[in-house]
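Notes to accompany the following structure.
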Amino acid sequence: MAPPPLTELISMEPPPSTSQIQQQETDVAEPFSSWGRKTEATWFAAAASLALVLICPVWIVGNWITLEYFDGSLSSMVSTAYSDGISSFTYQYAPRPSMKSSFGYASWLAFQAALYSLLPGPISTGQLTPAGNLLKYKTNGLLAWMVTHILTVVAAMSGVLDLALIAKHWEGLLIAVNVYGFLLAGFAQIKAHVAPTHPDDRKFSGSMIFDFFAGIELNPRFGELWDFKLFHNGRPGIVAWTLIDLSWTAFQYQSYGYVSNSILIVDLFHTIYVVDFFINEDWYLRTIDMSHDHYGYYLGWGSVAFLPTIYTLQVQYLGRYPVDLTFNQAIGVLSLGLGGYALFRSANHQKDVVRSTNGQCTIWGAKPRYIRCRYRTDDGRTHESLLLCSGWWGWSRHANYLGDLMQAFSMCAVCGFDHLLPWSYFFFMAVILLHRILRDEERCSKKYGKNWEQYCSQVSWRLLPTIY
Ligand code: NDP
Numbered sequence: 001m002a003p004p005p006l007t008e009l010i011s012m013e014p015p016p017s018t019s020q021i022q023q024q025e026t027d028v029a030e031p032f033s034s035w036g037r038k039t040e041a042t043w044f045a046a047a048a049s050l051a052l053v054l055i056c057p058v059w060i061v062g063n064w065i066t067l068e069y070f071d072g073s074l075s076s077m078v079s080t081a082y083s084d085g086i087s088s089f090t091y092q093y094a095p096r097p098s099m100k101s102s103f104g105y106a107s108w109l110a111f112q113a114a115l116y117s118l119l120p121g122p123i124s125t126g127q128l129t130p131a132g133n134l135l136k137y138k139t140n141g142l143l144a145w146m147v148t149h150i151l152t153v154v155a156a157m158s159g160v161l162d163l164a165l166i167a168k169h170w171e172g173l174l175i176a177v178n179v180y181g182f183l184l185a186g187f188a189q190i191k192a193h194v195a196p197t198h199p200d201d202r203k204f205s206g207s208m209i210f211d212f213f214a215g216i217e218l219n220p221r222f223g224e225l226w227d228f229k230l231f232h233n234g235r236p237g238i239v240a241w242t243l244i245d246l247s248w249t250a251f252q253y254q255s256y257g258y259v260s261n262s263i264l265i266v267d268l269f270h271t272i273y274v275v276d277f278f279i280n281e282d283w284y285l286r287t288i289d290m291s292h293d294h295y296g297y298y299l300g301w302g303s304v305a306f307l308p309t310i311y312t313l314q315v316q317y318l319g320r321y322p323v324d325l326t327f328n329q330a331i332g333v334l335s336l337g338l339g340g341y342a343l344f345r346s347a348n349h350q351k352d353v354v355r356s357t358n359g360q361c362t363i364w365g366a367k368p369r370y371i372r373c374r375y376r377t378d379d380g381r382t383h384e385s386l387l388l389c390s391g392w393w394g395w396s397r398h399a400n401y402l403g404d405l406m407q408a409f410s411m412c413a414v415c416g417f418d419h420l421l422p423w424s425y426f427f428f429m430a431v432i433l434l435h436r437i438l439r440d441e442e443r444c445s446k447k448y449g450k451n452w453e454q455y456c457s458q459v460s461w462r463l464l465p466t467i468y
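Residues 1 to 468 (the UniProt record's numbering) are what the sequence shown spells out, left to right.
Laid out in structure tokens, this is it:
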């Protein structure tokens, strides 16, 4: 008699004890379902996508108007818009494009593209895609970041460049990044239809709006290595992040004759985050952005327009309206931010190391506990993966997000509580990460089936034990 299938055996057995987990192997999710991005968009998803495409650019422009004309007060900005009427308000306050800023931004893109293409770097491997493709990437981001910053500092010290240049041209740059972001999202859409890099990894939802927002291609490329995602997510936006900080810090100095402790603390937090990103660029290839999100407006416009404007709101605010923290406030915010970073890095590292060593490592000084599970790609092949059940991943299923939220909170807290606007980054991160938890768990459940349920029953908290 043929033995019963493994899935049946599992359902007949009592739940595994903790010590059993490490040895357990189960069947792939049955019935098999593709675990990539959704292939059907509800009317709500399409409507929400349209709303985000229209609202996000208005949001970032509204922030600039608030900082430039209303002392950072969103309520004053909104009440003026209401009393003036939208058309007259827009005519009076909307940012104007400038040739200088547009040319500067185009040169910036070209410079980063040249560094990305020409600088040497190790060849790293991403994550298996739902269709079964395994892509290679040149990870030279740290070198690109260093070259860019060294050149900037040398140019500033030799008097060739005003460090506050970006801050002084923020208005024109806001237009330039938006225009490029929309062009990029439009181009990605056309390319997905006429010249896809990996046709089998495309996803169509039946809604053009949802496809524009969420993207069709998973990893659009020029040639073998020139990857749209890694370049745009990693270079023009993230390399610029610390340059923008530097520029608004110089702007504060030029405007007030001193540099506040609050802006220096934000600079420190951002620099740690950015340098960590580049040191661990290889790890980034196996995160959700790179391995699961498709390339459309969300990632394209998001990385070139949203990231450099919303993620730097604190320095834009402090550069104009300095806040001086007391010693105790500074220590409190530094402790929370650095604690958040330690949690973020340690959790991300644990997941990466347990998988890259196939479980042959130690987590918190002990052998890791994990579920060895199998999943299938669309080409019918079966693969193995590990779900870590100890360390941070045994404490909560998304402890790395908690670390990120602690950092985001600290970055905003240095701006004080007078205005809501500099807190936008924290609210955005809270929404995006809470939503990501839900959509990631839905995908993992499709990918790993019973093994995911088993993991969830072992680790019942999503973010913070006893709360959520
Ligand atoms: P994760 O790094 O948490 O990756 C989630 C994936 O990890 C899952 O889809 C699954 O993928 C795998 N996984 C889930 N549970 C386990 C487990 N127990 N053991 C091993 N693997 C597991 O998510 P993100 O990519 O969203 O985030 C990466 C980092 O980036 C986080 O620290 C986050 O805070 C940060 N982030 C920052 C943002 C920003 O704008 N500043 C935005 C979003 C994220 P699979 O099994 O398919 O490999």
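All C-beta atoms in this analysis are idealised placements derived from N, C-alpha and C, irrespective of residue type, glycine included.
Within 8 angstroms of the C-beta of Tyr297 there is not a single heavy atom belonging to the ligand NDP. Here the C-alpha atom of Tyr295 lies approximately 7 angstroms from the C-alpha atom of Asn219. Following the DSSP letters along the chain, one finds Leu268 in no beta strand (DSSP E) but inside the alpha helix (DSSP H) bounded by residues 261-279.
Shown here for Gly394: same chain residues with a beta carbon closer than 8 angstroms to its own, the five before and five after excluded, namely Arg369, Leu388, Gln458, Val459 in chain order.
Residue state for Trp64 is assigned as helix, using DSSP reduced to three classes.
His419 sits in coil when the DSSP states are folded into three classes, being neither helix nor strand. Looking at the DSSP output, Trp452 bridges to nothing. Judged by DSSP secondary structure, Tyr253 falls within the alpha helix (DSSP H) whose first and last residues are 238-256. Residue state for Lys136 is assigned as strand, using DSSP reduced to three classes.
Rounded to the nearest whole angstrom, the CA to CA distance from Gly126 to Ser98 is 39 angstroms. With respect to Tyr297, Val58 sits apart: the two C-beta atoms are not nearer than 9 angstroms. By alpha-carbon distance to Tyr311, the top candidate from Asp245, Leu334, Leu119 is Asp245. Apart from the 5 residues on each side of it in sequence, Asp379 sits with its Cβ closer than 7 angstroms to the Cβ of Ala131, Gly132 in its chain, given in chain order. Looking only at Gly62, Glu217, Phe187, Gln350, the smallest Cα-Cα distance to Pro196 is reached by Glu217. Closer than 8 angstroms to some heavy atom of the ligand NDP: that does not describe the Cβ of Ile244. For Tyr375, the beta-bridge partners assigned by DSSP are His383.
Annotated three-state conformation of Phe204 is coil, per DSSP.
Every alpha helix (DSSP H) stretch that sits fully inside the region 287-351 and reaches 4 residues is listed by chain position as 288-291, 297-301, 307-310, 313-320. For Ala366, DSSP records a beta bridge to Ile363. A contact is defined here as three or more CB-CB pairs under 8 angstroms, and the region 100-112 fails this definition with respect to the region 76-87. Check the Cα spacing between Leu334 and each of Val259, Val414, Leu402: the tightest is with Val414.
For the set Gly391, Gln254, Trp170, the Cα lying nearest the Cα of Asn348 is the one of Gly391.
A direct Cα-Cα distance of roughly 50 angstroms separates Ala155 from Thr377. The beta carbon of Tyr425 lies closer than 8 angstroms to those of Ile310, Tyr311, Leu313, Gln314, Ala408, Met411, Cys412 in the same chain, with the five residues before and after it left out.
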